């Protein structure tokens, strides 16, 4: 089969012919129909993800496709099922966090494209129980980015626990942020988009934003937000956004940046909270997919062939893709 292989940290991706894997015990073999290329793929390639990743490696953690083979012991999946695979495939099952039912904190978790080959290939294997059945109404291309981008931003929104009548602000209208606007509106919240890009203003309104502002100062002048989803890859933007919080507000950090977040001292008087989030409850993935299947959320994407994955990578790395890149083997 063909697969995109990263030979080493900071290495150039190569399309290679490698053996097609076979499903083992409790595994399925998936023929990949679409695979989202996420900015985290850039962080992995550049060696910026604090995880023990061995190279050469085929990555890709937004894979969707059709099951073409099931391994021994698999009863919940069958050949022909349309599925996707999230980042987290398996955990140790023995540590405190696994026993508490919070396996996302397990230090021995098996991650798609991290500890196993990922989805930027024609086929991949996955733990059968980790796969998620796709709603019949959703296309492969629309489904793929939900397994990281959609799942992540929706998990952040849910984890912030917004209440009725609260306002949600989305900072950074990109791969995560454009979905954040739509999920916030789908949940019925007044939604404010925060973006310096004038060319995105009209699009933000089309996606459901009630108001578009340029920065935290304008957000503050508009009354502030109870929840801010910081979706960009800039902790500077997240730091600036804090001043736009209402009392008891929450900033949810979703985008990844290696630089520190600067917290102003006035949060002492507003009881503001700075929170982090990742892909939380599996229930949230179900809901994130369901909103797309019902047409309430739509991924804006560019599609590329597997042979053209270098161009897709460069566009993602340089912030030139609008808004998600999807690879079709």
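In the working numbering, the protein residues as written are 22 to 350. By construction, the Cβ of each residue, glycine as well, lies at the ideal position given by its N, Cα and C atoms. On a predicted model such as this, the values are computed, not experimentally measured, just so you know.
- Secondary-structure assignment with DSSP links residue 79 through no beta bridge to anything.
- Taken atom to atom, the span from the alpha-carbon of residue 91 to that of residue 149 is near 8 Å.
- Within the DSSP bridge table, the entry for residue 326 names 349 as partners.
- With respect to the 8 Å criterion, residue 155 and residue 215 are not classified as neighbours on the basis of their beta carbons.
- The DSSP-derived three-state label of residue 230 is coil.
- Under the three-state reduction of DSSP, residue 110 is assigned to strand.
- For the 8 Å CB-CB criterion, residue 162 and residue 284 do not form a contact.
- Nearest Cα to residue 38 within the set 176, 144, 324 and 177: 144.
- Residue 310: member of the alpha helix (DSSP H) spanning 303-314, first to last residue.
- Within its own chain, the residues whose Cβ lies closer than 8 Å to the Cβ of residue 125, once the five positions on either side in sequence are excluded, are 109, 118, 299, 300 and 301, listed in chain order.
- In the displayed model, residue 271 falls within a strand according to three-state DSSP.
- Below 8 Å, enough C-beta pairs join the region 75-85 and the region 133-141 to call them touching: three or more.
- Along the length of the region 139-200, whole beta strand (DSSP E) runs at least 3 residues long occupy 144-148 and 188-192, reported in chain order.
- According to DSSP, residue 37 shares a beta bridge with 24.
- Sequence-distant Cβ neighbours of residue 221 in its own chain, meaning closer than 7 Å and more than five residues away, are 194.
- The three-state secondary structure of residue 214, taken from DSSP, is strand.
- Annotation: the continuous beta strand (DSSP E) that includes residue 54 extends over 48-58.
- Taking the C-beta atoms as reference points, residue 188 is found nearer than 8 Å to residue 210.
- Residue 90: member of the beta strand (DSSP E) spanning 84-91, first to last residue.
- In this structure, residue 36 lies near residue 328, with their beta-carbon atoms less than 8 Å apart.
- If you ignore the 5 residues before and after residue 74, its C-beta comes within less than 7 Å of the C-beta of 65 and 135, all in its own chain and listed in chain order.
- For residue 249, the uninterrupted beta strand (DSSP E) segment begins and ends at 246-251.
- In this structure, residue 316 sits away from residue 291, with a CB-CB distance that is not shorter than 8 Å.
- In the same chain as residue 226, and ignoring 5 residues on each side of it, the C-beta atoms closer than 7 Å to its own belong to 233, in chain order.
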